[in-house]
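Here the protein sequences line up with chains A and B, keeping their order.
Under the numbering used here, the residue at position 4 of the first sequence is numbered 4, and the numbers go up by one with no gaps.
Under the numbering used here, the residue at position 79 of the second sequence is numbered 231, and the numbers go up by one with no gaps.
Heads up, the beta-carbon is just placed ideally off N, CA and C, and yes, glycines get one too.
From a predicted model like this one, the values you see are computed outputs, not experimental measurements.
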Amino acid sequence: MGGYFSDIFNGSKSLLIGMGITFREFFKPTVTVQYPYQTLKMSARFRGHIELIADEEGNPKCVACGMCQRACPSGCISLDSVSVDIEVDGKVKKKKVLSKYDLDFTKCSLCGQCVENCNFGAIDFSKEYNLASTRKEDFHFNLLKRLEERNA
Amino acid sequence: MSLTLLNVIVAVVIAIAFAAANAAYLVWAERRGAARIQRRPGPNINGPFGLLQPPLDGIKLMTKQLMIPGGADKILFMVAPVLAMAPAIMSFVTIPFSKGIAAHNMEIGVLMIFAFASMGAMAILFAGWGSRNKYSVMASVRAVSQNVSYEIPMLITAITVVMVNGSMDLKAISTAQAGGFWHWNIFPSLHSPLMPISFIIFFICSLAETNRAPFDLGEAESELVAGFHTEYGSMGFGLFFMGEYANIVIGASLTTILFLGGWDCPFGMFPGVWWFLLKIYLLIATFIWIRWTFPRTTIYGLLNLSWKILIPISLFNLLLTAGLLKVF
């Protein structure tokens with residue numbers, strides 16, 4: 001019989017403690033991010049799709065060596081270059097300039113082999129994650145165009 | 153009081169409007185309250201503080217198709233949601249909000265409200281049986297056994313209050329408690345020293361009668377999909393939902409009238425309907441607070457609480473009150 005009443009007493013006490021906790025939580029500030037209106041800053045090691053890095057003048061650092069294209073296990077990078085004549089110290093020299101850099105993100109597994117293999121630090125992961133579409137073509141990125149848009 | 157047809161229509165329209173408005177905005181309050189307790193903002197997109205959410209939810213429910221599952225008992229299936237909502241609205245008719253605000257005061261108001269409240273169990277049983285769904289039947293059987301076992305301590309406690317006040321008239325019970333909070337029934341008196349415990353028992357029972365967490369075994373989403381309203385969509389579901397919230401308002405009103413002095417002001421100042429509304433909304437806030445604090449009990453825990461704790465204590469209380477009333 002003594003156990004009966006002490007059970008009721010202890011049970012009620014623990015219920016009141018629980019209610020006290022929720023009462024305190026009620027007045028604490030909210031911690032959720034209101035997603036479409038607020039976004040979180042992605043951490044330094046977040047892997048989005050790859051992005052070309054620009055040098056000081058805004059041109060791609062890429063020298064069009066093609067290492068990334070060869071390193072890619074899924075073959076989603078395709079790049080092309082043209083030879084341009086430029087003057088260096090009064091002499092005309094030929095230089096390879098990147099003319100096309102396409103990424104097929106539908107096949108990319110974000111393994112990072114392209115970024116690892118680049119000797120010039122010309123590509124890196126972007127922090128882009130708002131990628132949603134019903135069409136495949138939306139994931140064929142023209143990275144050169146994206147770089148120009150960023151520079152503009 | 154003469155009852156003309158116009159009186160009846162006005163009273164019914166006001167009762168329906170009050171019940172519907174409360175149901176709509178208590179859902180909003182519940183969602184906001186739950187969100188605050190879980191440190192989220194809750195619905196905040198539609199209108200200031202999300203206040204347009206309930207009407208938009210209503211429009212969404214009304215534009216959905218009303219589906220009747222194959223093999224269901226059509227009549228019972230259609231009757232059940234109406235039966236969940238109608239008694240709740242009926243009960244509003246006799247609740248006195250203030251000295252002058254009551255649609256129709258009855259001398260047996262307490263009896264009438266309990267009579268209508270017990271019809272709620274029938275609505276759940278019809279819904280479960282009519283749906284032709286195992287989950288629904290299981291849930292309705294649970295909910296009915298729960299409602300029946302919690303009606304007993306609730307009624308015994310109500311009888312205690314009725315005995316102390318010597319009346320079943322809700323208005324008379326309120327008036328008898330007038331003149332400051334020390335006159336309220338919740339405070340122990342010479343005739344009934346265990347009144348605070350009665351209040352707690354009555355409060356727990358009104359929580360269980362509305363089938364709300366932690367006693368929401370009739371819905372038990374994790375076990376029974378959505379319980380007795382698994383097969384209901386559209387406004388059928390909407391009516392169950394509104395019925396639940398209307399029952400919460402009635403439970404809070406009844407607790408206020410029986411224990412917290414009705415429209416009486418705790419300090420004897422500014423008497424009026426606002427005290428009544430303040431008290432019922434404080435009780436409803438506690439309902440919401442409890443719902444989002446405690447997890448669901450098991451069916452055994454639920455029935456044990458009623459049969460082993462609430463019923464013996466309320467019976468003892470009834471006997472003690474009867475004896476003291478006889479002696480003093």
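Of all residues in the stretch 441-458 of chain B, those with a C-beta nearer than 8 Å to a C-beta of chain A are W441, I442, W444, T445 and F446, reading in chain order. Contact between L322 of chain B and V262 of chain B is confirmed by a C-beta separation of about 6 Å, below the 8 Å threshold. Separation of F446 of chain B and A365 of chain B (C-alpha to C-alpha, rounded to the nearest whole angstrom) is 7 Å. For G403 of chain B, the CB contacts under 7 Å within the same chain, skipping 5 residues up- and downstream, are S358, E361 and T362 in chain order. Within the stretch 22-50 of chain A, contact with chain B at the beta-carbon level (separation under 9 Å) is assigned to T22, F23, E25, F26, F27, K28, P29, T30, V31, T32 and Q34. In the DSSP assignment, L218 of chain B falls outside any beta strand (DSSP E) and carries neither an H nor an E.
According to the DSSP assignment, D7 of chain A belongs to the alpha helix (DSSP H) that extends over G2 to F26. Separation of F468 of chain B and F5 of chain A (C-alpha to C-alpha, rounded to the nearest whole angstrom) is 14 Å. Within the stretch 167-197 of chain B, the residues whose Cβ lies closer than 7 Å to some Cβ of chain A are R188, I189, R191, R192 and P193, listed in chain order. DSSP, reduced to helix, strand and coil, places K251 of chain B outside both helices and strands of the structure shown, so it counts as coil. In this structure I465 of chain B is in contact with I349 of chain B, their Cβ atoms being roughly 7 Å apart against a cut-off of 8 Å. Rounded to whole angstroms, the gap between the alpha carbons of G395 of chain B and G332 of chain B is 33 Å.
DSSP, read as helix, strand or coil, puts D80 of chain A in strand.
Under the three-state reduction of DSSP, K431 of chain B is assigned to helix.
Interface residue (Cβ-Cβ distance to chain A less than 8 Å): I461 of chain B is classified as such. Of B:I440, B:K478 and B:L457, the smallest CA-CA separation from M306 of chain B is found for B:L457. For I77 of chain A, no chain B residue has a C-beta closer than 9 Å to its own C-beta; the minimum C-beta separation is roughly 41 Å.
Secondary structure note for K127 of chain A: it is in no alpha helix (DSSP H), with a DSSP letter that is neither H nor E. For F422 of chain B, the closest of B:P195, B:F411 and B:K251 by C-alpha to C-alpha distance is B:K251.
P60 of chain A is positioned such that its CB atom lies closer than 8 Å to that of L98 of chain A. In this structure T473 of chain B touches M315 of chain B by the C-beta definition: roughly 6 Å separates them, less than 8 Å.
Taking C-alpha positions only, T407 of chain B is separated from I353 of chain B by approximately 11 Å. Separation of the CB atoms of H381 of chain B and F367 of chain B is rounded to 16 Å, and the pair is thereby denied contact status at 8 Å.
For L376 of chain B, the uninterrupted alpha helix (DSSP H) run begins and ends at E373 to L376, by DSSP. M387 of chain B sits close to M214 of chain B, with the two beta carbons spaced by under 8 Å. For N257 of chain B, no alpha helix (DSSP H) encloses it, and the DSSP letter there is neither H nor E.
When 9 Å is used as the limit between beta carbons, L15 of chain A is near these residues of chain B: I442, T445 and F446, in chain order.
Excluding residues up to 5 positions away in sequence, A240, A269, G272, E361 and T362 lie with their Cβ nearer than 8 Å to the Cβ of N399 of chain B in the same chain. Neighbourhood of G18 of chain A in chain B, by CB distance below 8 Å: T445 and F446, in chain order. No residue range can be given for E57 of chain A, since it is assigned to no alpha helix (DSSP H) and is classified by DSSP as neither H nor E.
Distance from the CA atom of N10 of chain A to the CA atom of L157 of chain B, rounded to whole angstroms, is 55 Å.
Three or more Cβ pairs closer than 8 Å define a contact, and the stretch 103-117 of chain A meets that threshold against the stretch 65-79 of chain A.
Under the three-state reduction of DSSP, D85 of chain A is assigned to strand. Contact annotation, A181 of chain B with A236 of chain B: C-beta distance approximately 21 Å; criterion of less than 8 Å not satisfied. Under DSSP, no beta-bridge partner is assigned to V31 of chain A. A residue is called buried once 16 or more other Cβ atoms fall within 10 Å of its Cβ, and T134 of chain A, having fewer, is exposed.
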